[in-house]
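Notes for the one structure printed next.
There are 4 protein chains.
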Amino acid sequence: MSDEVLRWAPDADGDPALLTYTFGGAAPVATLRPGQVLSTWTLDCFGGRITSVDQLVSEVADPRYLNPQTGPFWVEGAAPGDTLAVHFLSVEPRYARGVSSTVPFFGALTATPRTAMLHPALPERTWVYELDLQERLVRYAARDTDFTAALPLDPMHGTVGVAPPLGEVRSSLTPGSWGGNMDTPEMRAGATCYLGVNVEGALLSLGDGHARQGEGETCGVAVETAMDTTLVVELVKGAPTAWPRIEDDAHLMTTGSSRPLEDAFRIAHQQMVLWVAELTGMSELDSYQFVTQVALTPVANVVDTDYTVVCKVPKRFLGDLDGTRGAYGGVHARLRSRG
Amino acid sequence: MSDEVLRWAPDADGDPALLTYTFGGAAPVATLRPGQVLSTWTLDCFGGRITSVDQLVSEVADPRYLNPQTGPFWVEGAAPGDTLAVHFLSVEPRYARGVSSTVPFFGALTATPRTAMLHPALPERTWVYELDLQERLVRYAARDTDFTAALPLDPMHGTVGVAPPLGEVRSSLTPGSWGGNMDTPEMRAGATCYLGVNVEGALLSLGDGHARQGEGETCGVAVETAMDTTLVVELVKGAPTAWPRIEDDAHLMTTGSSRPLEDAFRIAHQQMVLWVAELTGMSELDSYQFVTQVALTPVANVVDTDYTVVCKVPKRFLGDLDGTRGAYGGVHARLRSRG
Amino acid sequence: MSDEVLRWAPDADGDPALLTYTFGGAAPVATLRPGQVLSTWTLDCFGGRITSVDQLVSEVADPRYLNPQTGPFWVEGAAPGDTLAVHFLSVEPRYARGVSSTVPFFGALTATPRTAMLHPALPERTWVYELDLQERLVRYAARDTDFTAALPLDPMHGTVGVAPPLGEVRSSLTPGSWGGNMDTPEMRAGATCYLGVNVEGALLSLGDGHARQGEGETCGVAVETAMDTTLVVELVKGAPTAWPRIEDDAHLMTTGSSRPLEDAFRIAHQQMVLWVAELTGMSELDSYQFVTQVALTPVANVVDTDYTVVCKVPKRFLGDLDGTRGAYGGVHARLRSRG
Amino acid sequence: MSDEVLRWAPDADGDPALLTYTFGGAAPVATLRPGQVLSTWTLDCFGGRITSVDQLVSEVADPRYLNPQTGPFWVEGAAPGDTLAVHFLSVEPRYARGVSSTVPFFGALTATPRTAMLHPALPERTWVYELDLQERLVRYAARDTDFTAALPLDPMHGTVGVAPPLGEVRSSLTPGSWGGNMDTPEMRAGATCYLGVNVEGALLSLGDGHARQGEGETCGVAVETAMDTTLVVELVKGAPTAWPRIEDDAHLMTTGSSRPLEDAFRIAHQQMVLWVAELTGMSELDSYQFVTQVALTPVANVVDTDYTVVCKVPKRFLGDLDGTRGAYGGVHARLRSRG
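Chains as they are written, first to last, in the numbering used here: chain A, 141 to 479; chain B, 141 to 479; chain C, 141 to 479; chain D, 141 to 479.
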């Protein structure tokens with residue numbers, strides 16, 4: 141363990157081509173030791189180029205440079221077959237502004253390049269949100285009427301992941317077994333994300349901060365914002381993780397990312413059945429029955445190139461998971477105590 | 141309005157062939173007037189034939205007689221183009237026992253007749269749950285180990301619906317635009333369900349009581365139980381409803397039932413975008429943006445012949461919806477006051 | 141066997157509400173004996189109401205009265221668990237005109253009520269085709285330019301089916317295990333369709349004649365035409381058929397209808413693996429391997445409420461299927477000899 | 141144009157880790173000039189490691205080294221926005237043996253890592269096929285019975301593609317907009333494949349030879365064989381191609397690869413509607429109608445990580461496409477004349 145904090149910042153003012161837009165395929169920017177705290181920040185998904193309602197994504201944002209990631213960080217000692225635990229100590233909007241938009245042929249209620257149709261695109265429009273960091277509110281204002289609403293601030297990262305397996309390099313717009321653009325609001329401060337390591341050093345990256353989002357992220361764009369983030373990593377050696385998992389104080393969570401959406405559901409719930417069986421000693425069939433009666437199943441996104449479903453099980457139903465009886469030997473509780 | 145209560149009970153001891161297993165296609169059993177309270181009960185989805193862990197569904201339950209419905213009730217004055225509001229005053233397990241099971245080729249994590257494969261069926265097994273109606277608990281006991289868990293009682297109806305459009309008659313195992321087997325835990329006491337009327341008299345039926353279920357109802361069978369239910373109906377004349385909606389004190393909810401699951405998501409969220417626009421006066425595009433940031437999206441079921449997704453929006457974000465400014469002219473608040 | 145021909149005609153000039161629009165739920169119009177020839181005709185899917193390019197479906201056709209079926213016919217002796225063999229002796233356009241159209245929110249390349257989006261409908265338009273019954277051609281003429289094309293006439297029925305199981309009544313717009321609106325061009329003269337019987341009398345109906353269609357029926361509407369049809373039925377007692385199958389002189393064919401489309405594929409190919417194993421004596425695993433290398437897999441439709449895939453296996457690869465060694469005891473060859 | 145032939149061979153006897161298993165992410169092995177003929181060969185998808193029915197894929201084949209590709213070849217002058225035309229002059233099995241197998245959790249009729257379930261894997265088994273290159277036959281022999289069948293030899297490449305866009309590197313097991321593992325039998329000698337260029341030099345690779353396969357490649361493994369292949373490439377400058385297209389003497393073909401399978405259908409058919417409109421001058425709506433009546437729609441694969449559908453339109457229906465009026469300025473006819 142190390143108490144030294146690694147401070148690292150992306151070069152937001154430099155050539156956008158030099159930022160990181162993939163999981164895998166990029167050289168590490170720095171090295172993190174297990175137990176070490178990382179203090180960094182992430183650009184918003186548009187690289188900060190949208191600042192007013194008069195700007196449109198298709199005019200301002202280069203499609204090659206969407207969703208820049210901070211990283212990748214080489215995690216000392218990480219090897220294929222390990223699990224990387226990433227605990228978010230703090231996730232806070234860097235500025236008092238969030239932006240959102242409709243993007244042509246992107247979103248759940250429009251034709252897309254993969255759900256290809258003959259419709260013209262829906263209208264493109266930008267919304268700017270005031271973030272009230274004192275009151276912890278996100279202020280929505282309609283564009284066509286004077287409707288307004290004050291929504292709870294709930295900062296999170298849409299994207300966190302490692303290098304994929306099989307030598308693949310995947311766009312930061314895509315979620316998968318390596319993590320990536322899962323867009324679940326569960327990736328907030330206080331949560332620990334478990335990612336299976338596929339390559340030496342793991343190559344952790346993160347980005348896509350949201351001041352808040354609805355489940356499903358219907359139009360494809362949340363309240364996007366640059367984010368100041370502090371996290372601490374830990375390694376669980378020799379413990380593979382097939383699909384990203386999340387743990388907070390109240391829940392165990394599994395994720396699945398695929399299409400159709402029922403396959404994302406299947407992955408998340410199969411993983412939860414196996415995980416609950418492992419932690420409680422129940423048989424697989426008993427665990428299947430148990431998960432059927434206790435799971436919460438929020439959709440994470442139905443807009444990225446693959447869709448994500450989260451399965452949540454309250455830890456209080458699982459009996460005594462204290463200390464090393466907890467998931468991955470109790471790493472969440474240990475990292476939580478650092479916060 | 142009428143204060144008279146209609147009491148009606150299914151003939152649980154008679155010929156199971158005489159019970160109701162479809163939406164549409166059955167003669168009404170009684171007439172309900174708008175404003176009238178109905179006090180009734182519903183058999184569990186196995187018609188009460190499973191009472192011990194030694195019984196298997198495939199041996200005890202005739203596949204023609206699964207999921208019997210109480211009804212249909214003819215609603216006086218209901219005509220195509222109206223909306224039927226069904227408010228649940230009370231939903232209480234009739235006995236202190238619930239049952240569940242795995243059923244061959246049924247469930248989310250198994251091959252099924254539609255997701256057809258070459259695997260043999262998963263093992264069939266029955267679980268019996270003690271329902272502690274005082275402590276409001278559902279007691280789970282593993283079959284293969286001594287693991288137990290006490291889960292919150294949360295009684296609900298898996299199935300509520302009316303006769304479908306286009307002259308169709310649909311099995312009570314299926315959800316759709318007429319309601320049916322949506323299997324969402326939101327269908328609990330205190331909720332109002334809005335169903336579009338397709339035929340004269342609407343032909344309301346309900347059943348499939350669950351002492352509780354997880355979202356998604358992963359193995360396809362919740363904690364099944366007979367249910368004592370009191371409800372009150374109201375008619376909203378000339379207000380069509382394309383897909384079932386639910387309102388409780390805190391949320392507006394839309395549902396979609398289809399396959400693949402992303403189409404169920406699309407239906408529910410398109411309907412919510414339209415509903416929020418109508419109630420707030422926002423433009424469709426502003427509503428799309430707003431719903432993107434506020435929707436909760438629990439999966440209801442991924443096991444019936446079509447899958448169901450629920451979209452929930454907190455009413456407190458929508459401004460002043462008091463009195464007749466509320467959904468369907470404020471019918472939920474009025475019916476709620478009857479409880 | 142009977143040599144007597146049953147001649148029956150729908151009342152095309154009467155009240156359209158009196159025609160048949162469902163599988164199940166309609167009283168039989170006549171009785172057919174096994175071995176008996178039926179000579180009849182079917183209205184086109186618009187009930188004959190579109191006769192010029194100036195008419196639009198949404199203006200002329202009542203949505204309750206789309207896709208009228210001829211029938212249902214009570215088949216003497218048919219009982220649940222039997223298979224009804226329907227052999228098409230002749231399928232010929234009744235008039236020298238076919239029509240097609242785009243229909244708002246219907247088709248594979250548009251948002252639909254189930255793939256719900258926020259797009260306005262694609263433009264609605266009607267095309268009229270000249271059918272040259274001598275030259276066996278279908279003459280296409282573009283509406284916006286002078287492009288024309290002469291396509292081979294290939295008459296077929298989009299819809300053929302029996303009453304569904306579980307007491308269901310299904311719209312004639314929908315395909316399923318009972319047959320219905322499968323929209324495969326394989327349902328042409330010379331083919332035998334095998335349908336599992338679900339109710340006494342089977343209740344056979346047919347309709348939706350197409351002068352020709354592409355596979356997938358992309359925009360949802362083929363070259364629609366009234367059809368003069370002669371067929372002969374046979375019963376295979378005690379031989380259930382889970383999903384519709386088709387046999388012609390060259391191929392065995394299975395169908396699956398579901399969503400997503402891969403589930404329709406799975407059904408058709410699982411059924412073919414089982415059928416080939418049964419006919420050849422191969423093990424299921426050997427049959428799986430064999431079907432992998434020989435199957436042809438045309439998509440039938442991706443536009444109806446469920447989608448249909450056909451799996452075809454050339455009979456010449458299956459060894460000696462002569463006489464009673466053939467499928468269903470060689471019924472196709474026997475009925476074919478009637479033609 | 142160049143008459144010089146580039147001869148290049150993979151190092152089949154070296155370290156399998158040094159072969160190419162991705163599209164993108166590998167250094168070019170040689171340079172091809174437009175108009176130049178390439179004479180090469182490709183290993184089978186198991187790298188030649190399966191030679192008898194006693195070998196199982198899971199025991200013999202390293203999952204990191206499946207589906208090795210020959211290439212990538214740098215195509216001189218190729219730049220993003222161009223189209224690379226790859227015309228197959230000759231595709232011939234290199235040996236007289238093909239192999240196939242079932243692979244645990246891989247295939248259309250089994251649970252997979254993405255259609256995740258709780259079933260154990262189907263049995264793993266290997267089949268060896270004799271290829272009779274004189275009689276042009278592929279000889280199937282059942283493992284469990286003495287059933288045999290002689291099937292037509294129809295050699296093809298399951299995999300051909302270029303580097304993907306957005307800096308991605310994709311496994312050779314996956315199909316997509318860059319080509320890759322489409323597994324369509326249309327990729328045979330005499331066909332021209334059109335691939336949109338995403339990076340300088342295009343980086344063409346190919347592999348996965350099949351002596352034949354059924355459409356859909358149901359169990360996931362065709363009659364796999366090393367292949368001697370001769371091809372010629374051409375560049376169409378400034379003509380982007382969104383998804384791979386194929387042309388042979390009789391048909392124009394478009395492909396789409398996605399999940400669910402209906403999205404693969406949608407891509408292929410939207411692309412065909414646009415292509416036919418461009419070549420004939422028809423409006424998009426007229427082309428939509430026309431494609432509806434003429435398209436053939438074979439499924440290519442339902443087994444890889446994404447699924448592929450092909451849309452075929454007979455060229456004879458499209459009017460005069462001779463000379464430069466043909467697709468991409470008539471490049472297929474010109475390359476065909478080299479054969």
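C-beta atoms are modelled at their ideal positions from N, C-alpha and C, and glycine is treated no differently.
D:A166 sits close to D:T160, with the two beta carbons spaced by under 7 Å. Residues of the region 177 to 192 of chain B with a C-beta atom less than 9 Å from some C-beta of chain A do not occur. No Cβ of chain B is located within less than 7 Å of the beta carbon of C:S423. Around C:G356, the beta-carbon contacts reaching into chain D at under 7 Å are F405, H409, A435 and T437. Its chain contains T223, Y334, L335 and G336 as the residues whose beta carbon lies nearer than 7 Å to that of A:T381, once the 5 sequence neighbours on both sides are disregarded; these appear in chain order. A distance below 7 Å separates the beta carbons of C:P212 and C:L344. C:D284 belongs to the set of residues whose beta carbon lies under 7 Å from a beta carbon in chain D. With a 10 Å radius around the Cβ and a threshold of 16 neighbouring Cβ atoms, A:R237 comes out buried. Listed as beta-bridge partners of D:S398 by DSSP are D:Y447.
For A:D426, at least one C-beta of chain B is nearer than 7 Å to its own C-beta. Beta-bridge pairing by DSSP links C:N441 to C:G356 and C:T448.
Taking a cut-off of 8 Å for Cβ pairs, the region 196 to 207 of chain D and the region 385 to 394 of chain C do not touch, as fewer than three such pairs fall below it.
Taking the CA atoms as reference points, A:R385 sits about 37 Å from B:L206.
The alpha-carbon separation between D:L271 and D:T182 amounts to approximately 17 Å.
For D:R265 and A:S397, the gap between their C-alpha atoms comes out near 30 Å. Note: A:S312 is not bridge-paired with any residue in the DSSP secondary-structure output. In the three-state reduction of the DSSP assignment, C:E374 falls in the strand class. Counted as a single uninterrupted DSSP element, the beta strand (DSSP E) harbouring B:E232 occupies residues T223 to P233.
Within 9 Å of the CB of D:A362, the CB atoms of chain C belong to T432 and Q433, in sequence order along the chain. D:Y280 is bridged by DSSP to D:A289.
Under a criterion of Cβ atoms nearer than 9 Å, the residues of chain B adjacent to D:T250 are, in order, A251, M257, L258 and H259. Using a C-beta cut-off of 8 Å, the region 361 to 371 of chain C makes no contact with the region 253 to 260 of chain C, since fewer than three inter-stretch Cβ pairs fall below that distance. A:Q209 is bridged by DSSP to A:T160 and A:G347.
Per DSSP, D:E199 is one residue of the alpha helix (DSSP H) stretching across V197 to V200. By the criterion of at least three beta-carbon pairs nearer than 8 Å, the region 305 to 323 of chain A is not in contact with the region 445 to 454 of chain B. Contact between D:L475 and D:T332 holds, since their C-beta atoms are separated by about 6 Å, short of 8 Å. In this structure, the straight-line span from the alpha carbon of B:G466 to that of B:G175 is close to 18 Å.
Rounded to whole angstroms, B:Y280 and A:D426 show a C-alpha spacing of 10 Å. Within chain A, the residues whose beta carbon sits less than 8 Å from that of D:Y161 are L306 and G307, listed in sequence order. DSSP places D:A170 inside the beta strand (DSSP E), whose first and last residues are A170 to L172.
For B:P263, no Cβ of chain D is located within less than 7 Å of the residue's own Cβ.
The beta carbon of D:P168 does not come within 7 Å of any beta carbon belonging to chain A, so the residue lies off that interface. What D:R254 touches in chain A, judged by beta-carbon distance under 7 Å, is S398, D403 and I407, going in chain order.
The CB of B:R204 never comes closer than 9 Å to any CB in chain A; the least such distance is about 25 Å. Ranked by Cα distance from D:L375, the options D:T180, D:P263, D:A219 and D:L158 are led by D:A219.
Counting only residues of its own chain and dropping the five nearest sequence neighbours on each side, D:V268 has a CB closer than 7 Å to the CB of S192, V193, R237 and V239.
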